[in-house]
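Residue numbers (this note's numbering): 310 to 421. Down below is the structure, laid out as structure tokens.
Here's what the structure looks like:
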């Protein structure tokens, strides 16, 4: 039986490049996620202003882990993504580090 998959991702921006990261998500990435079946649960920034200038945290959902793998491969292969990534990095990289972890909801979670 397949189980819905959730993925938490934390992007650590290159210093001074957080606005470029926000712009890329706002203008390109969110639409491309939808195109490739990557469900957006939400995006967050830390309440601490210093951390907010450095990290973007978001949660994604997929029908199952296999769908997640297929969606990410299709996303990476999409020429529109490749063009958006290249354009957003003309002044240099915007992401220093990406953390990704797949999560299972607990039996008492409303997301379960």
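C-beta atoms are modelled at their ideal positions from N, C-alpha and C, and glycine is treated no differently.
Counting along the chain, residue 321 sits inside the beta strand (DSSP E) bounded by residues 314-322. Between the alpha carbons of residue 338 and residue 417 lies a distance of about 32 angstroms.
Classified as buried, residue 333 has 16 or more neighbouring CB atoms from the shown chains inside 10 Å of its CB. When the Cα atoms are used, residue 351 and residue 331 turn out to be separated by approximately 13 angstroms. Here the alpha carbons of residue 368 and residue 319 stand approximately 9 angstroms from one another. For residue 405, the enclosing beta strand (DSSP E) stretches over residues 404-412.
Residue 365 sits in a strand when the DSSP states are folded into three classes.
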